[in-house]
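Working notes, beginning with the structure itself.
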Amino acid sequence: MSGQKNGLTYAQAGVDIDAGNDMVERIKPLVRSTRRPGADGEIGGFGGLFDLKAAGFTDPVLVAANDGVGTKLKIAIDSGRHDTIGIDLVAMCVNDLVVQGAEPLFFLDYFATGKLDPDQGTAIVAGIAAGCRQAGCALIGGETAEMPGMYHGSDYDLAGFAVGAAERGQLLPTDDIVEGDVLLGLASSGAHSNGFSLIRRIVEMSGLGWGDPAPFADGASLGEALLEPTRIYVKPILKAVRGTHGIKALAHITGGGFPDNIPRVLPKDFSAELDLAAIDVPPVFSWLAKTGGVAPEEMMRTFNCGIGMIAVVAAGQAAQVAAVLQEAGETVTPVGRIVPRRDAGVIYRGSLDL
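Each residue of the sequence shown is one higher than the one before, starting from 1 at the first, in full-length UniProt numbering.
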């Protein structure tokens with residue numbers, strides 16, 4: 001028995017430990033670029049550390065969120081563009097934190113693939129690090145899993161986990177939402193990371209390839225245009241929340257669109273009345289609606305239609321809040337108001353310009 005040898009190695013089974021170690025070394029500078037007060041350790045340990053006291057909190061409540069980017073990944077994989085999908089991963093998590101008034105503190109990622117390509121993996125983590133810098137949170141760890149047989153070809157999957165904090169008593173939504181409060185819409189950067197199973201079906205119907213010119217974006221390929229990363233609203237919103245104290249609630253417009261997301265932050269006695277004509281609909285949504293024959297109601301429940309975040313603001317402070325957000329780089333539009341509860345949580349006036 002002791003002289004028996006079969007000669008097999010983990011690498012022959014499809015897992016390359018050396019490639020994983022190579023990737024870790026490549027991404028260390030990217031991780032360092034996300035350091036912030038409270039987090040200044042190196043990756044490679046068994047867990048990431050964060051010091052809430054060093055981050056400046058006195059009596060914090062922690063807020064956690066996790067998410068992925070859905071089948072937008074397939075466009076990144078099929079078009080060979082991996083440098084921005086990590087921004088989407090961070091955005092989908094940290095935007096969910098900031099709507100509760102929380103400052104994102106740290107982020108962890110999970111990257112799984114059938115065969116690890118250090119170049120591809122480094123590009124993905126570079127996007128994650130870029131998203132963390134935009135959000136002001138630290139990338140303190142993650143997991144890279146090489147799992148032959150679980151994924152086909154160059155397929156991979158991503159998941160993200162973010163933790164933030166707010167001082168006790170400063171969480172959103174507040175308990176003083178009233179009739180007449182104003183709804184401010186913050187412009188999206190495109191489809192963000194929702195509805196991509198429908199988008200891919202519409203692209204298939206159109207007969208276009210990912211490398212073809214995008215019909216709705218001059219100078220960009222279809223793949224490049226659809227991979228425009230999700231906007232990260234964290235820093236402008238935190239500036240407005242802390243500087244004006246006028247924001248009562250925030251709704252991140254993700255899957256489910258307006259009708260499913262806005263009511264989540266409203267008291268049961270109120271509805272949101274949206275003025276659809278006030279929304280500047282980006283060309284990508286018009287193209288999707290026309291090419292796929294998608295009805296307006298379905299568009300509004302699947303996509304953000306140009307509004308990635310909605311803030312509920314006291315009427316007397318709407319102008320002040322909008323000014324702070326605009327100064328921080330956001331495009332802000334009054335898109336409605338709070339009204340007494342009717343049959344639905346969201347009531348529409350006018351129509352979208354699709």
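Note that the Cβ used here is the ideal one computed from N, Cα and C, for glycine as well.
For SER197, there is no enclosing beta strand (DSSP E); the residue is found in the alpha helix (DSSP H) stretching over 196–206.
Between ASP275 and GLY336, the CB-CB gap stays under 7 Å. Rounded to the nearest whole angstrom, the CA to CA distance from PRO236 to VAL321 is 10 Å. DSSP places LYS239 inside the alpha helix (DSSP H), whose first and last residues are 234–244. Judged by DSSP secondary structure, PRO296 falls outside any beta strand (DSSP E) and instead within the alpha helix (DSSP H) spanning 296–302.
Note on geometry: alpha-carbon atoms of PRO173 and GLY47 lie some 32 Å from one another. The three-state secondary structure of GLU42, taken from DSSP, is coil. At least 7 Å separates the beta-carbon of ILE17 from that of VAL31. Cα atoms of VAL163 and LEU73: separation of roughly 23 Å, rounded to the nearest angstrom. If the five residues before and after ALA145 are omitted, its C-beta is found closer than 8 Å to the C-beta atoms of TYR110, PHE111, ALA112, THR113, all from its own chain and listed in chain order. GLY68 and ALA159 have their alpha carbons spaced roughly 5 Å apart. Of the candidates PHE161, ALA217, GLY207, SER206, the residue whose Cα lies closest to the Cα of ALA64 is PHE161. For GLU25, the enclosing alpha helix (DSSP H) stretches over residues 17–32.
Separation of LEU108 and GLY131 (C-alpha to C-alpha, rounded to the nearest whole angstrom) is 12 Å.
Looking at ILE310, VAL346, ARG341, the one whose alpha-carbon comes closest to that of GLU330 is ILE310. The beta carbon of VAL15 sits closer than 6 Å to those of GLU146, all from its chain and outside the five residues before and after it, given in chain order. A straight-line Cα-Cα distance of about 6 Å links TYR233 and ASN95. Within the same chain, Cβ atoms closer than 7 Å to the Cβ of HIS252 are found at ASN95, ASP96, VAL99, ASN261, MET309, the five residues on either side in sequence being excluded. Counting along the chain, ARG337 sits inside the beta strand (DSSP E) bounded by residues 332–340.
Take GLY127, set aside five residues on each side of it, and the residues of its chain with a beta-carbon closer than 7 Å to its own are ASP83, THR84, ILE85, GLY86, ILE87, in chain order. If you compare the alpha carbons of ALA39, THR302, GLY345, PRO340 with that of SER193, the shortest gap goes to THR302. Taking C-beta atoms as the reference points, ILE338 and GLY306 fail to come closer than 7 Å. Cβ-Cβ distances below 6 Å link ALA123 to HIS82, ASP83 in the same chain, with the five nearest sequence neighbours on each side left out; the list follows chain order. Put simply, the backbone Cα of VAL284 is about 32 Å away from that of THR34. Within the UniProt domain "PurM-like N-terminal" (61–165), the complete alpha helix (DSSP H) runs of at least 4 residues fall at 72–79, 85–98, 118–135. The shortest C-alpha to C-alpha distance from ALA323 to any of PRO29, GLY185, TRP210, GLY20 is the one to GLY185. Per DSSP, ASP181 is not a residue of any beta strand (DSSP E), being assigned neither H nor E. In this structure, the straight-line span from the alpha carbon of LEU139 to that of ASP40 is close to 10 Å.
When the alpha-carbon of LEU238 is set against those of GLU228, ALA344, THR230, ALA249, the nearest one is in ALA249. If you look at ALA272, you'll find it in the beta strand (DSSP E) that goes 270–275. For LYS290, the enclosing alpha helix (DSSP H) covers residues 283–292. Minimum Cα-Cα distance from ARG26 among the listed residues THR58, VAL125, LEU208, ASP176 corresponds to VAL125.
For ALA318, the enclosing alpha helix (DSSP H) covers residues 318–327. Under the three-state reduction of DSSP output, ARG231 falls in the coil class, being neither helix nor strand. For the pair VAL346 and ALA272, the CB atoms are nearer than the 7 Å cut-off.
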